[in-house]
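See structure below.
Okay, here's the thing in structure tokens:
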């Protein structure tokens, strides 16, 4: 089941995310996140944007959300997506289902484009994003340093509104 995240989900979301902090370059955070910090992050995002979880038999197996791309007002129609799947649930299609639900939900928001940053190499994430209609638009070299290694980050982008919808957004504003 895919649903909006709730405050009570923060512990399981932390467990998923902290695995990646400790074992992967998928995130550049290097210190474990506490449950109270995650609960604040979720609440902050949900004031204006969606944060979804994939739940199965009471267990959170993945989550996805978007956050503002940048603070400057001209970026107000762009968001950055984040998606994490429990390591034990990888390869089961949960990421695709979460992303589909997230993108469908964004149709109701004044959002024109979704941007995803991917630490490279990460073939599974690249395949997921490209299957979801994202295109690679940039790669920054050696912008992250984790586990004693310099890492590149690629950016993938997907337009989620038509040109007509974009014009409507900009005229409405």
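Numbering (the UniProt record's numbering), first residue to last: 1 to 173. Cβ coordinates follow ideal geometry from the N, Cα and C atoms, glycine included.
Are residue i and residue j closer than 7 Å when you measure CB to CB?
{"i": "residue 84", "j": "residue 21", "result": "no"}
{"i": "residue 139", "j": "residue 152", "result": "yes"}
{"i": "residue 2", "j": "residue 101", "result": "yes"}
{"i": "residue 45", "j": "residue 114", "result": "no"}
{"i": "residue 53", "j": "residue 69", "result": "no"}
{"i": "residue 23", "j": "residue 32", "result": "no"}
{"i": "residue 81", "j": "residue 66", "result": "yes"}
{"i": "residue 51", "j": "residue 89", "result": "no"}
{"i": "residue 112", "j": "residue 77", "result": "yes"}
{"i": "residue 39", "j": "residue 7", "result": "yes"}
{"i": "residue 35", "j": "residue 10", "result": "yes"}
Mind checking if residue i is an interface residue toward chain D, Cβ cutoff 7 Å exclusive?
{"i": "residue 77", "result": "The question asks about chain D, but that chain is absent: this structure has only one protein chain."}
Within a Cβ cutoff of 7 Å, which residues of the same chain sit near residue i, ignoring the five residues on either side of it in sequence?
{"i": "residue 95", "result": "62, 83, 85 and 128"}
{"i": "residue 119", "result": "25, 26, 144, 151 and 153"}
{"i": "residue 87", "result": "19"}
{"i": "residue 30", "result": "21 and 146"}
{"i": "residue 28", "result": "144 and 146"}
{"i": "residue 163", "result": "none"}
Got a sec? Which residues, its chain only, sit under 8 Å from residue i by beta carbon, not counting five neighbours each side?
{"i": "residue 132", "result": "96, 99, 100, 103 and 158"}
{"i": "residue 135", "result": "156, 157 and 158"}
{"i": "residue 142", "result": "150, 151 and 152"}
In terms of residues, what are the limits of the alpha helix (DSSP H) holding residue i?
{"i": "residue 23", "result": "10 to 23"}
Less than 6 Å between C-beta atoms, sequence neighbours within five positions excluded: which residues of the same chain meet that for residue i?
{"i": "residue 12", "result": "60"}
{"i": "residue 117", "result": "153 and 155"}
{"i": "residue 55", "result": "1"}
How would you call residue i, buried or exposed, if buried means at least 16 neighbouring beta carbons within 10 angstroms?
{"i": "residue 41", "result": "buried"}
{"i": "residue 43", "result": "exposed"}
{"i": "residue 91", "result": "exposed"}
{"i": "residue 93", "result": "exposed"}
{"i": "residue 107", "result": "exposed"}
Go ahead and pull the three-state DSSP assignment for residue i.
{"i": "residue 164", "result": "helix"}
{"i": "residue 146", "result": "strand"}
{"i": "residue 96", "result": "helix"}
{"i": "residue 127", "result": "helix"}
{"i": "residue 7", "result": "helix"}
{"i": "residue 155", "result": "strand"}
{"i": "residue 64", "result": "strand"}
{"i": "residue 107", "result": "coil"}
{"i": "residue 70", "result": "coil"}
{"i": "residue 26", "result": "coil"}
{"i": "residue 57", "result": "coil"}
Grab the span of the beta strand (DSSP E) containing residue i for me, first residue to last.
{"i": "residue 115", "result": "113 to 120"}
{"i": "residue 50", "result": "Residue 50 -> no beta strand (DSSP E), and no H or E assigned at all."}
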